Amino acid sequence: MKRYIRQVLFMAIALVFRWPIWMFVWIFGKTGIFKTIFLIYPIDKSECLDFCPDIKILRNFLSGRPTPSGLIMKGWRPMGIYLAIPNPALELMRGKSRPTVEAIIRRLLWIQKISGATAIGLAGQLGPIFEKRHGIPMNPPFYTSTFGNIFSIQSAVNHLSDKARMKPWQSSLAILGGGELGEQLMEQLSADGYRSTMVDVRYTKKGDIKLSDENEADRQLEHVDFVVNLLPRGKDFMDCSLHLRMPESATVIDFSRPPIRPEDIPQKVCMGNRVQRSGIQFMMRLPGGWKCHELPACSMPSIVASLTGVHLQTLEEFRQAARQLAFRTALAGAPAPARGGVRGFIDMVPGFARLSHFFKKNHGINPLTDHGERSPLSSYAPFMESKEA
1497 MKRYIRQVLF MAIALVFRWP IWMFVWIFGK TGIFKTIFLI YPIDKSECLD FCPDIKILRN
1557 FLSGRPTPSG LIMKGWRPMG IYLAIPNPAL ELMRGKSRPT VEAIIRRLLW IQKISGATAI
1617 GLAGQLGPIF EKRHGIPMNP PFYTSTFGNI FSIQSAVNHL SDKARMKPWQ SSLAILGGGE
1677 LGEQLMEQLS ADGYRSTMVD VRYTKKGDIK LSDENEADRQ LEHVDFVVNL LPRGKDFMDC
1737 SLHLRMPESA TVIDFSRPPI RPEDIPQKVC MGNRVQRSGI QFMMRLPGGW KCHELPACSM
1797 PSIVASLTGV HLQTLEEFRQ AARQLAFRTA LAGAPAPARG GVRGFIDMVP GFARLSHFFK
1857 KNHGINPLTD HGERSPLSSY APFMESKEA
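Here it is, written out as structure tokens:
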């Protein structure tokens, strides 16, 4: 029933109220209320049905057209808009999808212009697809998911380790796949003191995933305490029988979509792609079992940038800022409600004071638009020539 209602609302917005909504966005954007916009996408046909009915004509019309799907709230006030496209990641990876990708970039820049937002967040694989597959630079105002994903997984690992009363050097941790993200994550977790290893995988011509060396994988997973699953789909985890290669006492921190079904394996499964911050939530809540207080890790970079007004160029700067802003893993449970009014502002002052001191100490104030003589939007000049349609 919820899926049906959401589909009806999505179609109404996309086909009937599209331009009236853009008018309201423009009007309220003049007040400076919107700080960020965030684009999500379906990983497969099932996720697409959470938003858009499986009607070919409708999906073709909406292809490459970011459609308003909800608000990002800070307390009782909206601070951003989240948008959806019906195009799955595998479709956008293809070379022939270049015109669609260019249309998405052009329309996002147009929406940013009318809304007055300072940051554009890209969910999941969108940033790497745009940059590596189509050669479109991901510079501000665009923010990709990498820093948020690493922060989320680190926070989840630290929380679970503390809950198990284990010190980092007492914990054995394995990372399944992940490419560059897996390498960066392993570097960060090793620096935190965890005994980390990476299980290598390979892709077949059909797009399936296989272990590069099954004997080596068995050795790496034999006595592991935590497993970070960076494989694209929960199905890939099951097809490689990875749950049979690790102890039943291990905890799997899952980052796949669709995720591993907890009832299918004896190990405990935790979602590693969800964070929280008191007072910030998505309305309407995201489909797929998300709770009100849970934020996608991939939304963090754009939200942090919009809250601080600073372009954070390194992972360490991002981690410091996220901690000062009280972001943490959603595994810690729902946060206490944010205070409003004067008391809420007073509670926030110490955190922002420490954050300001951090930036001044390291490299002074570095606003989102401070990138030397060249404007950050100059890279996207070809996409800004056409208007939204």
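Everything in the sequence shown is counted per our numbering, starting at 1497 for the first residue and increasing by one. We put the beta carbon where it would ideally sit given N, CA and C, even for glycine. Quantities reported herein were computed from a predicted structural model and do not represent experimental measurements.
Segments of 4+ residues assigned as alpha helix (DSSP H) that fall wholly inside the stretch 1677–1704: Entirely contained in the stretch 1677–1704, not one alpha helix (DSSP H) run reaches 4 residues.
CB contact flag (P1797, Y1639, <8 Å): Taking the first residue of the sequence shown as position 1, residue 1797 is located at position 301. Taking the first residue of the sequence shown as position 1, residue 1639 is located at position 143. A contact, by the Cβ cut-off of 8 Å.
Distance, W1786 Cα to R1499 Cα: One-based indexing of the sequence shown puts residue 1499 at position 3. One-based indexing of the sequence shown puts residue 1786 at position 290. If I take the Cα positions, the gap works out to 14 Å.
Length of the line joining the Cα atoms of I1749 and V1653: Locating residue 1749 in the sequence shown gives position 253, where the first residue counts as 1. Locating residue 1653 in the sequence shown gives position 157, where the first residue counts as 1. Taking the straight line joining both Cα atoms gives about 8 Å.
Cβ neighbours of R1815 in the same chain (closer than 7 Å, five flanking residues each side left out): Within the sequence shown, residue 1815 is the residue found at index 319, counting from 1. F1647.
Distance between P1728 and T1747 (C-alpha atoms, nearest Å): The residue labelled residue 1747 in the question sits at position 251 within the sequence shown. The residue labelled residue 1728 in the question sits at position 232 within the sequence shown. Distance between the alpha carbons of T1747 and P1728 is about 18 Å.
Residues that K1592 bridges to, as DSSP identifies them: Here residue 1592 corresponds to residue number 96 of the sequence shown, with the count starting at 1. The partner list for K1592 (beta bridge, DSSP) is empty, contrary to what the question assumes.
Residue nearest to L1586 in terms of C-alpha spacing, selected from P1792, L1726, P1624: Taking the first residue of the sequence shown as position 1, residue 1586 is located at position 90. If we check each option's Cα against that of L1586, P1624 comes out closest.
Contact under 8 Å by Cβ, I1616 with I1533: In the sequence shown, counting from the first residue as 1, residue 1616 sits at position 120. In the sequence shown, counting from the first residue as 1, residue 1533 sits at position 37. It is a contact, given that the beta carbons lie within the stated cut-off.
Three-state secondary structure assigned by DSSP to F1716: Translated into the one-based positions of the sequence shown, residue 1716 becomes position 220. Looking at the sequence provided, one finds Gln at residue 1716 rather than Phe. Judged by DSSP in its simplified three-state form, Q1716 adopts helix.
CB contact flag (A1660, F1530, <8 Å): Taking the first residue of the sequence shown as position 1, residue 1660 is located at position 164. Taking the first residue of the sequence shown as position 1, residue 1530 is located at position 34. Not closer than 8 Å, so no.
C-alpha gap between M1519 and Q1777, whole angstroms: As a working mapping, residue 1519 is identified with position 23 in the sequence shown. As a working mapping, residue 1777 is identified with position 281 in the sequence shown. The straight-line gap from Cα to Cα measures roughly 24 Å.
8 Å Cβ cutoff, G1612 in contact with chain D: Of the chains in the structure shown, none is chain D; there is only one protein chain.
Under the three-state DSSP convention, the category Y1500 falls into: Taking the first residue of the sequence shown as 1, we reach residue 1500 at position 4. Three-state result, Y1500: helix.
Helix, strand or coil at D1750 [DSSP, three-state]: Position 254 of the sequence shown holds residue 1750. Reduced to three states, the DSSP call for D1750 is strand.
Assigned secondary structure, M1767 (DSSP; H/G/I helix, E/B strand, else coil): Here residue 1767 refers to the residue found at position 271 of the sequence shown. For M1767, the three-state secondary structure derived from DSSP is strand.
Assigned exposure category for P1637 - 16 Cβ within 10 Å defines buried: For the purposes of this step, residue 1637 is identified with residue 141 of the sequence shown, where counting begins at 1. Buried, since its Cβ has 16 or more Cβ neighbours within 10 Å.
Sequence-distant residues of the same chain with beta carbon closer than 6 Å to S1651, five excluded per side: Translated into positions along the sequence shown, residue 1651 becomes position 155. In the same chain as S1651, and ignoring 5 residues on each side of it, the C-beta atoms closer than 6 Å to its own belong to R1824, T1825, in chain order.
Beta-carbon contacts of W1515 that lie in its chain and below 7 Å, excluding the five residues immediately before and after: Looking up residue 1515 in the sequence shown gives position 19. Counting only Cβ-Cβ distances below 7 Å, and skipping sequence neighbours, we find nothing.
Span of the beta strand (DSSP E), counted from its first residue to its last, around V1724: Working through the sequence shown from its first residue, we reach residue 1724 at position 228. Under the DSSP assignment, V1724 falls in the beta strand (DSSP E) whose first and last residues are 1722–1725.
Complete alpha helix (DSSP H) runs within the stretch 1510–1582 (minimum length 4 residues, chain order): Complete alpha helix (DSSP H) runs here, min 4: 1514–1525, 1541–1544, 1552–1558.
Short Cβ contact (8 Å threshold) for I1517 with P1754: Mapped onto the sequence shown, residue 1517 falls at position 21. Mapped onto the sequence shown, residue 1754 falls at position 258. 8 Å or more divides the Cβ of I1517 from the Cβ of P1754.
Unbroken alpha helix (DSSP H) run spanning F1733, endpoints: Working through the sequence shown from its first residue, we reach residue 1733 at position 237. That run of the alpha helix (DSSP H) goes 1730–1735.
R1773 to P1831 span [Cα, whole Å]: As a first step, residue 1773 is located in the sequence shown; it is residue number 277 there, counting from the start. As a first step, residue 1831 is located in the sequence shown; it is residue number 335 there, counting from the start. One Cα belongs to R1773, the other to P1831, and the distance between them is close to 7 Å.
Inter-stretch contact (C-beta, 8 Å, three-pair minimum) for the stretch 1710–1717 and the stretch 1692–1700: They touch, by the three-pair rule.
6 Å Cβ shell around T1804 - same chain, five flanking residues per side excluded: Position 308 of the sequence shown, counting from 1, holds the residue named residue 1804. A1817, listed in sequence order.
Check whether H1719 and S1668 have beta carbons under 8 Å apart: Position 223 of the sequence shown, counted from the first residue, corresponds to residue 1719. Position 172 of the sequence shown, counted from the first residue, corresponds to residue 1668. Yes, Cβ-Cβ distance for H1719 and S1668 is below 8 Å.
Cα-Cα separation, V1512 to L1554: Residue numbering aside, residue 1512 sits at position 16 when the sequence shown is read from its first letter. Residue numbering aside, residue 1554 sits at position 58 when the sequence shown is read from its first letter. Cα to Cα, V1512 sits roughly 13 Å from L1554.
Whole-angstrom distance between F1506 and F1547, CA atom to CA atom: Here residue 1547 refers to the residue found at position 51 of the sequence shown. Here residue 1506 refers to the residue found at position 10 of the sequence shown. Between F1547 and F1506, the alpha-carbon positions lie close to 6 Å from each other.
Span of the alpha helix (DSSP H), counted from its first residue to its last, around A1652: Taking the first residue of the sequence shown as 1, we reach residue 1652 at position 156. 1642–1659 is the extent of the alpha helix (DSSP H) around A1652.
Buried/exposed call for N1556, threshold 16 Cβ in 10 Å: In the sequence shown, residue 1556 corresponds to position 60, counting from 1. Counting Cβ neighbours within 10 Å, N1556 comes out exposed, since fewer than 16 surround it.
Same chain only: Cβ atoms within 6 Å of G1730, ignoring 5 sequence neighbours per side: Stepping through the sequence shown from its first residue, residue 1730 is reached at position 234. Answer for G1730: S1752, P1754, P1755, I1756, listed in chain order.
Which residues DSSP lists as bridging M1779, in chain order: Position 283 of the sequence shown, counting from 1, holds the residue named residue 1779. DSSP output for M1779 lists L1567 as bridge partner(s).
R1573 Cβ short of 7 Å to the ligand NAD heavy atom set: No copy of the ligand NAD appears in this structure; indeed no ligand is present at all.
Exposed unless 16 or more other CB atoms sit within 10 angstroms - verdict on M1779: Here residue 1779 is taken as the residue at index 283 of the sequence shown, counted from 1. Answer is exposed; the Cβ neighbour count stays below 16.
Nearest candidate by alpha-carbon position, reference G1675, set I1705, D1735, T1563, L1821: Counting from one through the sequence shown, the residue named residue 1675 turns up at place 179. It is I1705 whose Cα lies nearest to the Cα of G1675.
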